[in-house]
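A.B. asks: The sequence shown begins at 9 in the working numbering and counts up one residue at a time.
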Amino acid sequence: MTVTNDRRALVAAQARETGDPWSPWAEVDAWRVNGDGYQDLHLRRGDRGPVVIRTWPRPEDRLRIDLPSGTVQAQMRTDAAGARVLIEGVSRRVEVVRRGSELTVIIEGRNHVLTLEDPLAPPVTEATGSERIAAPIPGRVVQVMVQPGDVVEKNVPLVVIEAMKMELTLSAPRQGTIAEVRCKVDEMVEEGTELVLFAKEGAL
9 MTVTNDRRAL VAAQARETGD PWSPWAEVDA WRVNGDGYQD LHLRRGDRGP
59 VVIRTWPRPE DRLRIDLPSG TVQAQMRTDA AGARVLIEGV SRRVEVVRRG
109 SELTVIIEGR NHVLTLEDPL APPVTEATGS ERIAAPIPGR VVQVMVQPGD
159 VVEKNVPLVV IEAMKMELTL SAPRQGTIAE VRCKVDEMVE EGTELVLFAK
209 EGAL
């Protein structure tokens, strides 16, 4: 729902620039010339193949979501403690951290990292991997699992951050050697703070 809301905001901004608020092309409800409107989201988790999720806007900020396993009705609500998602009447606390095409979905203390793909984008050559791990949100460091010189495998947990009473585990984006650890337990960090640096590939 975070992605669909972002897309609605973008379309609304583009509509304001047209100077014609009554144009059907300026609608933000997924309007189409024929049939009901929908949006397709292509999501990838880890090395698994992408999964296509189709979302259909409904009144009162509700969504019908077509999943590979079936169709569900969803709605997001916000209270003083944060956001909750209601799926088929079942409420769960959720937080979504978005950094470009990467989505970290935190549900009841467990985090799931997804990549939002653009099926129309040209293919790109896979990069060698990130050289640093940065805090995606402000929070408190509650656990550091590595130290300089450690050799880690891809997806191994490196640092755990606590934010809004939920824990977010930051994992290694690739195999490599830890060059620096720039955080310690109980330290408060801001969004974007570099926490762990990898040695450059090929460096001694």
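Cβ atoms here follow ideal geometry from the backbone N, Cα and C, with glycine treated the same way.
Hey, Q83 and L94 are a contact pair by Cβ (cut 8 Å); roughly how many whole angstroms apart?
C.D. replies: 5 Å
A.B. asks: In the DSSP output, what is P165 paired with across the bridge?
C.D. replies: S179
A.B. asks: Over the uninterrupted beta strand (DSSP E) stretch that includes G200, give me the two end residues.
C.D. replies: Element bounds for G200: n/a, residue is neither H nor E.
A.B. asks: In whole angstroms, what separates the C-alpha of D194 from that of V167?
C.D. replies: 12 Å
A.B. asks: Give me, in chain order, the residues of the same chain whose beta-carbon lies closer than 8 Å to that of R148; leave out the 5 immediate sequence neighbours on both sides.
C.D. replies: I169, E170, A171, D194, E195, M196 and V197
A.B. asks: For the 8 Å Cβ check, are there 3 or more pairs between the region 155-163 and the region 174-190?
C.D. replies: yes
A.B. asks: If I follow the unbroken beta strand (DSSP E) through A82, where does it start and stop?
C.D. replies: Counting along the chain, the unbroken beta strand (DSSP E) around A82 starts and ends at G78 to D87.
A.B. asks: So if DSSP puts P65 in a beta bridge, which residue, or which two residues, is it bridged to?
C.D. replies: L71
A.B. asks: F206 to R101, Cα distance in whole Å?
C.D. replies: 33 Å
A.B. asks: Which partner residues does A187 have in the DSSP bridge list?
C.D. replies: Paired residues: none, contrary to the question.
A.B. asks: Since V60 sits in a beta bridge, which residues does DSSP pair it with?
C.D. replies: According to DSSP, which records beta bridges pairwise, V60 is partnered with H50.
A.B. asks: Tell me the DSSP secondary structure of E6 in three-state form.
C.D. replies: Lying outside 9 to 212, the shown extent of the chain, residue 6 is not represented and no answer is given.
A.B. asks: Can you give me the start and stop residues for the beta strand (DSSP E) that A91 sits inside?
C.D. replies: G90 to I95
A.B. asks: From this set, E103, T201, P146 and G108, which residue's C-alpha is nearest R190's C-alpha?
C.D. replies: Checking every option, the nearest Cα to that of R190 belongs to T201.
A.B. asks: Between the alpha carbons of Q22 and T63, how many angstroms are there, rounded?
C.D. replies: At Q22, the pLDDT of 45 sits below 50, so the modelled position is not reliable; the number obtained from the coordinates is stated separately. Using only the alpha carbons, I get a separation of about 21 Å.
A.B. asks: CB-CB under 6 Å to K162, same chain, minus the five flanking residues each way: which ones, in chain order?
C.D. replies: These residues qualify, in order along the chain: A180, R182 and Q183.
A.B. asks: Q151 lies in the beta strand (DSSP E); which residues open and close that run?
C.D. replies: Going by DSSP, Q151 is part of the beta strand (DSSP E) stretching over G147 to V152.
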